[in-house]
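As given, the protein sequences belong to chains E and B, one line each in that order.
First residue of the first sequence: 207, per our numbering; consecutive thereafter.
First residue of the second sequence: 101, per our numbering; consecutive thereafter.
Note that CB positions come from ideal geometry on N, CA and C, so glycine has one too.
Report on the following structure.
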Amino acid sequence: MALLEIRNLSVDFATSSGQFRAVDSVDVTVDKGDILAIVGESGSGKSVSMLAMMGLLPWTATVTADAMLFDGQDLRALSPRQRRRIIGKDMAMIFQEPISSLNPCFTVGFQIKEALRIHLGLDSRARHRRAVELFEMVGIPAPEERLKAYPHQLSGGMNQRVMIAMAIACNPKLLIADEPTTALDVTIQAQILDLLTGLQRDTGMALILITHDMGVVAETARRVQVQYAGQKVEEQPVIDLFERPHHPYTAALLAALPERATSKHLPTIPGVVPGQFDRPQGCLFSPRCQFADERCRTVAPLPQGPQAGLARCHYPLNLSAEAEA
Amino acid sequence: MLRYLLSRLMTFLPTFFGVTLISFSFIRLLPGDPIVVMAGERGVSPERYQELVRQFGFDQPIWKQYLDYLGGVIQGDLGQSFVTKKPVWDEFFALFPATLELSICAMVFAVLLGLPAGVIAAVNRGKLFDRALMSSALVGYSMPIFWWALLLIIVFSGWLGWTPVSGRISLMYYFENPTGFMLWDALMSGQKGALGSAIQHLILPTIVLGTIPLAVIARQTRSAMLEVLSEDYIRTARAKGLSPLRINGLHALRNALIPVITVIGLMVGTLLAGAILTETIFSWPGIGKWMVDSIFRRDYPVVQGGLLLIAVMVMIVNLTVDVLYGLINPKIRKR
Numbered sequence: 207m208a209l210l211e212i213r214n215l216s217v218d219f220a221t222s223s224g225q226f227r228a229v230d231s232v233d234v235t236v237d238k239g240d241i242l243a244i245v246g247e248s249g250s251g252k253s254v255s256m257l258a259m260m261g262l263l264p265w266t267a268t269v270t271a272d273a274m275l276f277d278g279q280d281l282r283a284l285s286p287r288q289r290r291r292i293i294g295k296d297m298a299m300i301f302q303e304p305i306s307s308l309n310p311c312f313t314v315g316f317q318i319k320e321a322l323r324i325h326l327g328l329d330s331r332a333r334h335r336r337a338v339e340l341f342e343m344v345g346i347p348a349p350e351e352r353l354k355a356y357p358h359q360l361s362g363g364m365n366q367r368v369m370i371a372m373a374i375a376c377n378p379k380l381l382i383a384d385e386p387t388t389a390l391d392v393t394i395q396a397q398i399l400d401l402l403t404g405l406q407r408d409t410g411m412a413l414i415l416i417t418h419d420m421g422v423v424a425e426t427a428r429r430v431q432v433q434y435a436g437q438k439v440e441e442q443p444v445i446d447l448f449e450r451p452h453h454p455y456t457a458a459l460l461a462a463l464p465e466r467a468t469s470k471h472l473p474t475i476p477g478v479v480p481g482q483f484d485r486p487q488g489c490l491f492s493p494r495c496q497f498a499d500e501r502c503r504t505v506a507p508l509p510q511g512p513q514a515g516l517a518r519c520h521y522p523l524n525l526s527a528e529a530e531a
Numbered sequence: 101m102l103r104y105l106l107s108r109l110m111t112f113l114p115t116f117f118g119v120t121l122i123s124f125s126f127i128r129l130l131p132g133d134p135i136v137v138m139a140g141e142r143g144v145s146p147e148r149y150q151e152l153v154r155q156f157g158f159d160q161p162i163w164k165q166y167l168d169y170l171g172g173v174i175q176g177d178l179g180q181s182f183v184t185k186k187p188v189w190d191e192f193f194a195l196f197p198a199t200l201e202l203s204i205c206a207m208v209f210a211v212l213l214g215l216p217a218g219v220i221a222a223v224n225r226g227k228l229f230d231r232a233l234m235s236s237a238l239v240g241y242s243m244p245i246f247w248w249a250l251l252l253i254i255v256f257s258g259w260l261g262w263t264p265v266s267g268r269i270s271l272m273y274y275f276e277n278p279t280g281f282m283l284w285d286a287l288m289s290g291q292k293g294a295l296g297s298a299i300q301h302l303i304l305p306t307i308v309l310g311t312i313p314l315a316v317i318a319r320q321t322r323s324a325m326l327e328v329l330s331e332d333y334i335r336t337a338r339a340k341g342l343s344p345l346r347i348n349g350l351h352a353l354r355n356a357l358i359p360v361i362t363v364i365g366l367m368v369g370t371l372l373a374g375a376i377l378t379e380t381i382f383s384w385p386g387i388g389k390w391m392v393d394s395i396f397r398r399d400y401p402v403v404q405g406g407l408l409l410i411a412v413m414v415m416i417v418n419l420t421v422d423v424l425y426g427l428i429n430p431k432i433r434k435r
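So, in structure tokens, the structure goes:
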């Protein structure tokens, strides 16, 4: 049985100008010890779907799903109190901006021990021991002194390590990393990714990596799911995806990678992700797709079968010979 | 920390001299001659008048009067009241406990109600409690304080008879060697009913004086909380599975307190201004009432000295607030 199974998740936001659908019937499945990358541009609903699962969206959001199972528990049926016993313990999340994600008024030690007390009920000495151990695990030098530091006294990379230590404090079964390296220097990015994959390997937890960086995906993930304008448009194992992208959007994203560029100028995808007011009638990607025809512009495509990477496209690319037949 | 305190104290000096200059000149700008006022309806003979003018130093040029006054202030001599002939210093400290007691009660009242109200309103933004609280805060802030006092007296003292109209304690009680803090004196005296009487006398003035600070604190807490609640670290706290009470009351409030503390510090000045009206209405024998009386009597030394001491109090409170910032917000402490 999968560790996490989400079927047909939709999230609507009530805005002053009406309902806005940020996530549109997305499925997410993660097995124990799996590494899934969710990829997409800004506004593609990657973070929102994960925040919805954690119950962290503001009250303006309406979350609907056919199924939302985590470790055999139906997340939809939980009371807020029951949900609080799971999130931060079995299911943890780290965020994009490490410095603003930590409370400036408390030492990092306080913030990490807080989770240990609430979820594990450790006494003060055990909390301290565990906090030191966690800081060592995430590679923070001189953990005893660092525990007394405030977030503003540490660098961005150190703060992200603190966030990771905090997230893995209670040995979660699933760690969601929401663009964990976006705000960091390139050299630090690689360190943090290595740390995350290393921890994943050592602890056997499942990892969901939200990113817009295909390079990060190639280095870390096992499976990739591509999202566009709130919809899942494709899902494949990472090697297959890089070799044979089926959705034109995935293909365009890969073509935009510098290391795969063939011409002097890096190819770009014209236009932007549709927002609340310019949602096209048919396929959401059709206005930016170089292959789109009349059918694409009028009829919304349904996901194809697994042989086409579940691509939400009328004309999936790179189909193998047997799939064509 | 010590250097920080010293540098803050240095900035007090210009303020201090500014206050002496302003209080010295403003009271002299008021029409009315203190000697004539002192003499009352009986009047005073021209010879006696000249004698008094010389005695008080009014024959000297005005700049010399000011320098004399300043010289005294620097040596800790605030002069004597024209009316009672007692040193201003002694009068101030005899009356100050009454004002301090009332102000502390009003502030405690405002903070104890205002902080939670602001937090609850922010957490339930846009709901009934929030709207009700913000409307009443606006009313509380805009309401003339004397009118509010009279309204409360009519209802609670007049119609319901629950609270006394004026004074600090019932006339039945008498204390040896009072500290001036009525609650403390009543408690220590051990006389039956004394504490209850003191509390009864305190209730209405506390509410009246505390209303504006209450409204301001509630509004400030709400807006600071709203800002903090949308911060990333609140999302982190929720992602940790903390309870709403812990998130709002600890993680958010601690950050929201910084602007709130500023406002509380600023309210102390307002409080002393409000005390003048409140004390006058409730015949509360504090420095507010004392100041008003001495202005009417053109009692120059009392007005000057009183204003100066009040200004020093406000400066001390501001310094305390600055020190508190550092305790609450570690980022400021570092500098």
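| query | result |
| --- | --- |
| Quick check: the Cα distance between B/A210 and B/A375, rounded to an integer number of angstroms? | 14 Å |
| Would you mind stating whether B/T362 and B/G214 have Cβ atoms separated by less than 8 Å? | no |
| May I ask you to list, following chain order, the residues of the region 340-365 of chain B that have a beta carbon less than 7 Å from some beta carbon of chain E? | K340, G341, L342, S343, H351, R354 and N355 |
| According to the Cβ coordinates, are B/L178 and B/G172 closer than 8 Å? | yes |
| Within the continuous beta strand (DSSP E) that includes E/M299, where are the two ends? | M297 to I300 |
| Hey, how far is the Cα of B/F153 from the Cα of B/V136? | According to the sequence displayed, residue 153 of chain B carries Val and not Phe. Answer to the nearest angstrom: the Cα atoms are 11 Å apart. |
| Rounded to whole angstroms, what is the Cα-Cα separation between B/S330 and E/F301? | 14 Å |
| Let me confirm a value: E/E351 is counted as buried when at least 16 other C-beta atoms fall within 10 Å, else exposed. Which label applies? | exposed |
| Given that B/A337 touches chain E, what residues does it touch there, using C-beta distances under 8 Å? | N309 |
| Quick check on DSSP: helix, strand or coil for B/R435? | Its pLDDT being 45, under 50, B/R435 is placed unreliably by the model, and nothing is read from it. |
| What residues in the region 229-257 of chain E bring their beta carbon closer than 9 Å to a beta carbon of chain B? | L257 |
| Go ahead and pull the three-state DSSP assignment for B/P359. | helix |
| Can you tell me which of the three DSSP states E/T417 falls into? | strand |
| Per DSSP, what are the beta-bridge partners of B/K185 in this structure? | According to DSSP, which records beta bridges pairwise, B/K185 is partnered with nothing at all. |
| Per DSSP, which one or two residues make a beta bridge with E/V245? | E/T417 and E/V432 |
| With 16 other CB atoms within 10 Å as the buried threshold, where does E/M343 fall? | buried |
| Could you tell me whether the Cβ of E/F301 comes closer than 8 Å to any Cβ of chain A? | Among the protein chains in the structure shown, which are E and B, there is no chain A. |
| On the criterion of 16 or more Cβ atoms from any shown chain inside 10 Å, does B/L131 qualify as buried, or is it exposed? | Per the sequence shown, the amino acid found at residue 131 of chain B is Pro instead of Leu. Label assigned to B/P131: exposed. |
| In terms of residues, what are the limits of the alpha helix (DSSP H) holding E/R367? | G362 to A373 |
| Quick one: what does DSSP say B/R268 is sitting in, helix, strand or coil? | coil |
| Quick check: what's the CA-CA separation for B/R435 versus B/W248? | Confidence in B/R435 is poor, its pLDDT being 45 and thus under 50, which makes the residue's placement unreliable; the coordinate value appears in the next sentence. For B/R435 and B/W248, the distance between alpha carbons rounds to 44 Å. |
| For chain E, is any of its Cβ atoms less than 8 Å away from the one on B/K431? | yes |
| Anything in chain B within Cβ reach of E/F418, meaning under 8 Å, just list it in chain order. | Phe is not the amino acid found at residue 418 of chain E; the sequence shown has His there. Near E/H418 there are no residues of chain B at all, since even the closest Cβ is about 18 Å away, more than 8 Å. |
| Taking the straight line between their C-alpha atoms, what separation do you get for E/T474 and E/A208? | 37 Å |
| Can you check which of these residues, B/G267, B/V412 and B/L427, is closest to B/K436 by C-alpha distance? | Because chain B here runs from 101 to 435, residue 436 of chain B falls outside it and cannot be looked at. |
| Please state the DSSP three-state secondary structure of B/N418. | helix |
| Would you kindly check if the distance between the Cβ of E/D230 and the Cβ of E/G436 is under 8 Å? | yes |
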